[in-house]
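Only one structure is covered here, and it is reproduced in the block below.
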Amino acid sequence: KSTIEFQQFPASLLLALLLPQLLAPVASGSESEPDAASPPCPQTADQPPPPCDRLPFACLSCRVNATAGCRLGAAVPAVPCEPLPDVNCTGDRGPLPRTVVCRYCHQLPPELCIGRRSFRRMLRCDWSGGYKWSVSMWCTALLGGFGLDRFYLGQWREGLGKLFSFGGFGVWSLVDAILIAVGYISPIDESVYAP
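Reading the sequence shown from the start, the letters are residues -29 to -1, 1 to 166 in mature numbering (1 follows the signal peptide of the UniProt record, and there is no 0).
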């Protein structure tokens, strides 16, 4: 059994890399493929059926080998595809080799899926930047009057305010201790606390 492993990229870098590809038309390895403006499965009674090797991806069922080395954005050549059972086409219906690009499934339909193509729930992605809740509570208890808790969480502007006002003479320190304890104040990178 083989698995596909990916490195975790920062969201801004991933967006910068994927945005131009999402806005540009998808290029395929086959030059005979119809353009993106063509209907998904051209099935009209007044025209003869199209050749099977020119069908768009929406009309094909492709078998993906997990050991094909699918990496995000990389082309995978010779993926065997067959026309769907209800699609009428002429020529060889056998395995039609197609070149596909590995993308996440929420992107474009003719892409090789990394993961599932449908999602049943919208869940927030919880990730940790390495900040611990216990450390932030210790920072608040020991040197919260000097803004150490805010500096630790990456909120340096608020930390400077607490530093120069001596923690609001204790008021800000008490309020911050309560807010950190209940989880209202979290790391600046919007991550969750590490366990």
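From the three backbone atoms N, C-alpha and C, an ideal C-beta is built for every residue, glycine too.
Only exposed fits Trp98, as fewer than 16 other CB atoms lie within 10 angstroms of its CB. For Gly132, there is no enclosing beta strand (DSSP E); the enclosing alpha helix (DSSP H) has its first and last residue at Trp127 to Phe135.
Cys30 is a Cβ neighbour of Pro54, given a cutoff of 8 Å. Look at Arg64 here: in three-state DSSP terms it is coil, with no helix or strand label.
Beta-bridge partners assigned by DSSP to Arg69: Val50. The Cβ neighbour count for Gly138, taken over all protein chains shown within 10 Å, is at least 16; the residue is labelled buried. Between the alpha carbons of Ser144 and Gly132 lies a distance of about 12 Å.
Checking the DSSP bridge columns, you'll see Pro22 partnered with Thr61.
Leu124 and Ser136 have their alpha carbons spaced roughly 19 Å apart.
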